[in-house]
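In my numbering, the protein residues as written are 75 to 229. Just so it is clear, CB atoms sit at the ideal spot from N, CA and C, and this is done for glycine as well.
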């Protein structure tokens, strides 16, 4: 069972906004360099001063931009062969892997579905990242293995 991120209407807007800001920054740097070309043509080191922050900015934000643009196609949860994997934000971030047999109990607090393993580790699943029908599928599938509480009576 693969459950994708819920379609957030603003996610693509955020992604494209970041790309646009990177492009505008690049244009401003080009304008700056060509405005002072007589200085930059003699000292190439000065050319790196405006270019270095731009490169750092781009490298930091392009992966996040790709995450927002591709959000609807990324699997948030996968439950296959009694192994649950959870994607956490970021295009290059690794998935959290939990065997269903390791889960001791589960409960819902506010907007989080929390799984507690036998070792005491808590794994958070954000309900707002899933469609309601997908969350119900997950609950039905996990209820075959563990007891799920919607309040604190199982804690």
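C-beta contact flag for residue i and residue j at 7 Å
i           : j           : result
residue 92  : residue 128 : no
residue 201 : residue 185 : yes
residue 171 : residue 179 : no
residue 89  : residue 142 : yes
residue 78  : residue 149 : yes
residue 174 : residue 155 : no
residue 176 : residue 162 : no
residue 98  : residue 132 : no
Residue environment, residue i, which counts as buried when at least 16 other CB atoms sit within 10 Å
i           : result
residue 217 : exposed
residue 160 : buried
residue 214 : exposed
residue 94  : exposed
residue 203 : buried
residue 212 : buried
residue 209 : buried
residue 158 : buried
residue 83  : exposed
residue 229 : Any answer about residue 229 is weak, because its pLDDT of 43 lies below 50 and its placement is not dependable; what the coordinates show is given next. Classification of residue 229: exposed, given that the 10 Å Cβ count is below 16.
residue 227 : At residue 227 the pLDDT is 47, less than 50, meaning the model places this residue with poor confidence and gives no usable figure here.
Candidates the options, of which the one nearest residue i by Cα
i           : options            : result
residue 86  : 105, 139, 95, 125  : 139
residue 153 : 136, 132, 100, 219 : 219
residue 183 : 222, 125, 207, 147 : 222
In DSSP terms, what residue i is bridged to
i           : result
residue 161 : 169
residue 48  : Outside the shown range of the chain, which is 75 to 229, sits residue 48, and nothing can be said about it.
residue 149 : 78
residue 222 : 180
residue 154 : 157
Enclosing alpha helix (DSSP H) for residue i [first to last residue]
i           : result
residue 106 : 85–109
residue 215 : 206–217
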